[in-house]
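In our numbering, the protein residues as written are 28 to 207. All C-beta atoms in this analysis are idealised placements derived from N, C-alpha and C, irrespective of residue type, glycine included. Following: one structure in structure tokens, then a few remarks.
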Amino acid sequence: MRSVVGPRVLAAVLVGAAALTGCGEEKKSAAPRLPERTCFGVYTRSDLEPLMGYGETVEVSGPADARLTASRRSATCDVAVDGKGRVLVTATRQPLGQAFVWPPTDPPGPEPLPLGDKGIVWDTGARVALTCKGPKDSFELELGLSGSVEHVEAGTSRALFTALMTKFLEPAKQQTECGA
């Protein structure tokens with residue numbers, strides 16, 4: 028006579044194992060929802076989505092604009108998902124003639140970026156330097172952009188950062204009154 032207990036026990040063990048397997052895996056949440064406009068009002072939700080990845084909550088910190096003066100020398104926008112930095116956008120002002128020093132980047136090295144007076148782009152960001160001469164004030168301006176590329180398709184990050192910096196350049200010049 029055959030026992031029915033064997034197949035039932037086996038079925039129970041398999042169901043239990045399948046349930047436990049799901050507990051051990053981290054479930055990916057959908058991409059978090061960004062504000063419609065962010066980082067000094069420059070970027071739309073779709074501009075920054077490639078850098079966001081998965082998560083529950085988005086935090087955007089920084090001023091509404093990048094207006095800089097002799098006393099407010101920098102503005103920073105930081106976008107984080109579940110507490111992890113995903114995008115950092117900066118504008119920094121220095122006195123005329125004081126050059127910006129750019130630290131080395133991770134290999135592969137940066138490529139020239141044909142924006143401003145000097146620009147570079149690398150796998151995780153871009154920088155542009157400008158000399159701003161206006162009727163009221165003259166100064167040096169550095170624009171910076173960096174981001175987490177773990178969710179970006181391999182080989183496309185430099186093109187993405189080039190597009191993001193190109194979009195940032197004119198609004199940043201207007202907001203900082205560079206050349207006004």
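{"Item": "What whole-angstrom Cβ distance do C104 and C159 have, given they're in contact under 8 Å?", "Value": "No, C104 and C159 are not in contact; Cβ-Cβ is about 20 Å, not under 8 Å."}
{"Item": "In the DSSP assignment, the beta strand (DSSP E) including K111 goes from what residue to what residue?", "Value": "K111 to P122"}
{"Item": "Taking only three categories from DSSP, how would you classify T71?", "Value": "strand"}
{"Item": "Run the CB neighbour count on D144, radius 10 Å, all protein chains shown included, and call it buried at 16 or more, exposed below.", "Value": "exposed"}
{"Item": "Tell me whether the beta-carbon of L170 lies closer than 8 Å to the beta-carbon of L191.", "Value": "no"}
{"Item": "Check V31 in the structure and name its three-state DSSP category.", "Value": "Residue placement at V31 is poorly supported in this model, since its pLDDT is 47, which falls under 50; the coordinates are not used for a value here."}
{"Item": "Beta-carbon within less than 7 Å of P59's beta-carbon, same chain only, minus the 5 sequence neighbours each way: which residues are those?", "Value": "M79, G82, E83, T84, V85 and V108"}
{"Item": "Between which two residues does the alpha helix (DSSP H) containing E197 stretch?", "Value": "S184 to T203"}
{"Item": "If you run the structure through DSSP and keep just helix, strand and coil, what is D141?", "Value": "Sequence inspection shows Pro at residue 141; the Asp mentioned does not correspond to that position. Note: P141 maps to coil in three-state DSSP."}
{"Item": "Looking at the ligand HEM, does it come within less than 7 Å of A97, judged from the CB to the closest heavy atom?", "Value": "Summarising the ligand content, the structure contains no ligands, and the ligand HEM is consequently not present."}
{"Item": "Measuring only the C-alpha atoms, how far is P134 from A153?", "Value": "14 Å"}
{"Item": "So, helix, strand or coil for E83, using DSSP?", "Value": "coil"}
{"Item": "Taking contact to mean at least 3 C-beta pairs separated by less than 8 Å, is the region 92-104 in contact with the region 61-70?", "Value": "yes"}
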